[in-house]
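Residue numbers (our numbering), protein chains in the order written: chain Z, 16 to 516; chain C, 480 to 798. Every residue gets a Cβ at the ideal spot worked out from N, C-alpha and C, and that includes glycine. Below is one structure; the comments refer to it alone.
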Amino acid sequence: MQLVLSWPIRLAVVAILAFSLFVDGAGYIYRIANHLPLTGSVEGLPPNFGGWQLYFHRGLDLAGGTHIDYELTNFPAGQSRADVQQRTIQVINRRVNALNVSEPEIRGAGSNNDRITVDLAGVNAAQAQKTIGAVSKLVYTKWVPDAKVTAGPEPGFKPALTGLTGDDISAASATIDSTGTSWVVNITFTGSGATKFDNLTRDNVAACPGDSATSAAANCAQRHLAIWLDLTQKDIDNWEDPTFAGKVSSPYDSGCLAAQTPDTVCGKFLTDPVTREEIAGGQAQISGSFTQQSATDLATGINSGSLPVDLVALDVTQVSATLGAESVKLSLAAGLLGLAIVVLFMIIYYRVPGLLASLALLFYAGAVLAIFKAYPVTLTLAGITGFILSVGMAVDANVLIFERFKEEVRAGRTITAAVDAAVRRAWPAIRDSNTSTFITCVILAFVGPSAVKGFAFTLGIGVLASLVSSIVVTHNLLAIVLTAGGLRRPALLGVDRVRAV
Amino acid sequence: MVDDGKAQEAAVVAPAPRVRRLNIIGRRNLFFALSLLIIIPGILSMWRNGFLLGIDFAGGTEFTVTFAGNPSPAQVQGAVDAENLNGAVIQTSGGGYIVRYPPLNAASQTAVQHDLENRLGPMKVDQILEVGGTIAGETIEFSLLAVVLASVAILALLAWRFHNVPGGWRAGFQFGGSALAALLHDVFILTGIFSILGKVFGLRVGEIDAFFVTAVLTVVGFSVHDTIVVFDRIRENIRVSQRLSFEQVVNLSIMQTAARSIITSFTVVLVLAAIFVSGGETLKGLSLALLIGIISGTYSSIFNAAPLLVVWRRLQPLR
């Protein structure tokens, strides 16, 4: 225990204190000085220490928004489940981008890569589920003559499904072509997709052979291959209605499709390139007058077209922002009230040691909040409760030491000796009891239901910090302050008599 | 500065004797009976009625809403009954309602909301919870697993920590086992009271959900916390006071640590009471469960755990 009172340890405590004050305070000062919002992430906000943005990460139950746990089913055979999960996460990410959510969180989970958790702030559940779960399907069509068609990309022709869909594509990406001047979209087909595509392109070229770039006759509609999202046979059946064909042929609109009702007609068109030559080998390139933006958009459209798996929502939580704000207010009030009660009680009951313990408690609270920001820990309602509870537990170690201190003083020890003996003798109980709580926290954090993990995490951090606060900080404060003679009066220490040195 | 020469002897005798006369070990059967008085009805209620299950465990879809028109509970129940979806209505303290259905898919969720608005006027949706059967099952599974794992880990920790008292590992297991019994006592008190609250009195606060599991596990940690403090004192006193009998050592240790146990629990109870009163709807059940559990934990560590250790020592003497 002498080690605890050594200068290196004291310096370390002061360093932790300085760090916590900095983490807790500096961000706010900067934000106030620059008229930035006080909470949440702010674009490009310094102090941005090596990529940190220091602020409390609020969980959805506090910020408001939607949380969904998805189960992935119907994994495509012969592909690594981890890859499929990653691809699904990418697709969901792209779809969610359309909703303009700040900091969407899409994480893989599940022991078998079969879960994805989605957290979207400020989005309601219905909208989120529609956008994410939309069964968008990429569809390739060829063109067949139909004199009654007057609108759409190829008047006089209507599309026909080819059987080639997004399932046949493994990737699409926007790049600069070999000449280095224009943007193109590269598509890679899967094995079976490559065969289908090869057949299609051969038929297309055969429809009006020649060099499509120079000869107008060789650029007939049948040589084009259109790409759509979600185009159905029912849409094609309506193609002779010019308004309808026009609408469906407008650029793909993810927002419209997400909010689709049976009556709305949404744009489903991606592109309609001409087939220059037969393409075998499963690598195709779509070129045209692309800008970087339009090429990327098309690649995104093709990629996000289809999810590689089916998604089943296992649970959905939607919390309104007002309820979240209310919860924050209530738990803050509860926390402050609890802290005030504890501090008041400690000072009245234990006098000077109680005051010192309260100082240690403030150090503890500051350090834990700094950890929450720096780590960062996403705070939920349960997490805040865990933190408040750990304040109560932090007191326990102090109470153990002080009760022991009183006993040692009664037994006739001098103050200095009593402090030392109190800490030394209380230590085994403090160590064992905190270990048991910590074990419970670790178990909860690993096997507990997800709602409970946040609680376990904050309580666990709290237990560790309270150990440092009571054993190191309170002990040091006691040792330093009680060496000063003026404070050694019995009334100030909450004991009957004190033996002089 | 006080140094009148009598300090030492005055300090040794003065504060303690009044408390130390309490003979807890001697009256242990009374305290065991008191515990059983609560545990037995609790177990009966759990066995006969089970629990009022929250949505986490039961599965389903739950809307927390506030209606602009402030309809009466009967009106809301009427509107929900008219939907024929087996919906149940619970009034919240804030004047809002919780409407709970069997699991609904995304489309019928929207439909239900429109339907309620058509029947009862504009409403504000505060929260929608939807829990499918898979998750509900997993929550139950994980919760039980967590309780069992935590109990085993704590028993092992205690047996290891206390195997250095006279008697070795066997003594260690007596300490660990008594602590575990006190812990189960608290778990049964807590679950029993919640079963009675939820099923016999039909109170929503007695509903058990993932938060309740959190509470049970925290209580497990806390109960052991208190018990360890007493046991640690017993271990120390066995070494220090060789002349006392085991009963006397235990009683002395209880008396020496009771102040600390009660004070600590008292501060935590104050904090929890603050959460219970001002923490809002979601935290009421959690803070009530913790309150019950921590009071029970303090009681059991003083009046059950150490006396049990004495009983066990009598049945299985080590010396």
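- Cα atoms of ASP560 of chain C and THR81 of chain Z: separation of roughly 28 Å, rounded to the nearest angstrom.
- Inclusion of ALA241 of chain Z and PRO168 of chain Z in the CB contact set at 8 Å is warranted, their separation being smaller than that value.
- With a minimum length of 3 residues, the unbroken runs of beta strand (DSSP E) contained wholly in the region 304-367 of chain Z fall at 325-334.
- With respect to VAL410 of chain Z, PHE420 of chain Z sits apart: the two C-beta atoms are not nearer than 8 Å.
- Distance from VAL111 of chain Z to GLY137 of chain Z at the Cβ level is roughly 12 Å; contact not present, criterion being Cβ atoms closer than 8 Å.
- Residue environment analysis places GLY178 of chain Z among the exposed positions, since fewer than 16 neighbouring C-beta atoms fall within 10 angstroms of its C-beta.
- Using beta-carbon distances, THR571 of chain C does not count as an interface residue toward chain Z, since no partner is under 8 Å.
- When C-beta distances to chain Z are compared with 9 Å, the residues of the region 676-699 of chain C below that value are ASP688, ALA689, PHE690, VAL692, THR693, LEU696, THR697 and VAL699, in chain order.
- Nearest Cα to VAL555 of chain C within the set C:ALA547, C:VAL568, C:LEU564 and C:ASN563: C:VAL568.
- For ARG579 of chain C, the pairing in a beta bridge is given by DSSP as C:GLU541 and C:ALA567.
- Residue contact check for VAL604 of chain C against chain Z: a CB pair falls below 8 Å.
- Our two residues, ASP330 of chain Z and GLU596 of chain C, have alpha carbons roughly 24 Å apart in a direct line.
- Burial check for PRO160 of chain Z: the Cβ neighbour count within 10 Å stays below 16, so the residue is exposed.
- In this structure, GLY469 of chain Z sits near ALA397 of chain Z, with a CB-CB distance shorter than 8 Å.
- For ASP76 of chain Z, the three-state secondary structure derived from DSSP is helix.
- Identification of residues in the region 614-632 of chain C having a C-beta nearer than 8 Å to some C-beta of chain Z yields ILE614, GLU617, THR618, PHE621, SER622, LEU624, ALA625, LEU628, ALA629 and ALA632, given in sequence order.
- Judged by their CB atoms, VAL406 of chain Z and GLY353 of chain Z are nearer to each other than the 8 Å cut-off.
- In the three-state reduction of the DSSP assignment, GLY178 of chain Z falls in the strand class.
- For GLN735 of chain C, the enclosing alpha helix (DSSP H) covers residues 725-757.
- The three-state secondary structure of LYS211 of chain Z, taken from DSSP, is helix.
- PHE387 of chain Z sits in a helix when the DSSP states are folded into three classes.
- Within the region 236-291 of chain Z, the runs of alpha helix (DSSP H) that reach at least 4 residues and sit entirely inside it are, in chain order, 248-252, 257-263 and 269-273.
- THR132 of chain Z has Z:ASP84 and Z:ARG122 as its beta-bridge partners, per DSSP.
- Each of Z:TRP254, Z:LEU114, Z:GLY79 and Z:LYS145 was checked against the Cα of ALA328 of chain Z, and the nearest Cα belongs to Z:LYS145.
- Under a criterion of Cβ atoms nearer than 8 Å, the residues of chain Z adjacent to ILE742 of chain C are, in order, TYR364, VAL414 and GLU418.
- Taking 7 Å as the cut-off between beta carbons, the residues of the region 443-459 of chain Z near chain C are PRO443, ALA444, ASP447, SER448, THR450, SER451, THR452, ILE454, THR455, ILE458 and LEU459, in sequence order.
- Counting other Cβ atoms within 10 Å of its Cβ, SER740 of chain C reaches 16 or more and is therefore classed as buried.
- Excluding residues up to 5 positions away in sequence, ALA372, SER485 and THR489 lie with their Cβ nearer than 6 Å to the Cβ of ASN413 of chain Z in the same chain.
- Among the residues facing chain Z, THR746 of chain C is included, as its CB has a counterpart in that chain under 8 Å away.
- Comparing C-alpha distances from HIS704 of chain C to each of Z:ASP287, Z:ALA466, Z:LYS388 and Z:ALA444 shows the shortest one belongs to Z:ALA444.
- Per DSSP, the unbroken alpha helix (DSSP H) holding PRO786 of chain C starts and ends at 785-794.
- Below the 8 Å Cβ cutoff, chain C contributes THR743, THR746 and VAL747 as neighbours of VAL410 of chain Z, in chain order.
- One Cα belongs to ASP447 of chain Z, the other to ALA658 of chain C, and the distance between them is close to 13 Å.
- The contact set of SER757 of chain C on chain Z, defined by CB atoms closer than 7 Å, consists of LEU345, ALA348, ALA349 and LEU352 in chain order.
- Beta-carbon to beta-carbon, GLN237 of chain Z and LEU176 of chain Z are separated by about 15 Å, too far to satisfy the 8 Å threshold.
- Here DSSP, grouped into helix, strand and coil, assigns SER95 of chain Z to coil.
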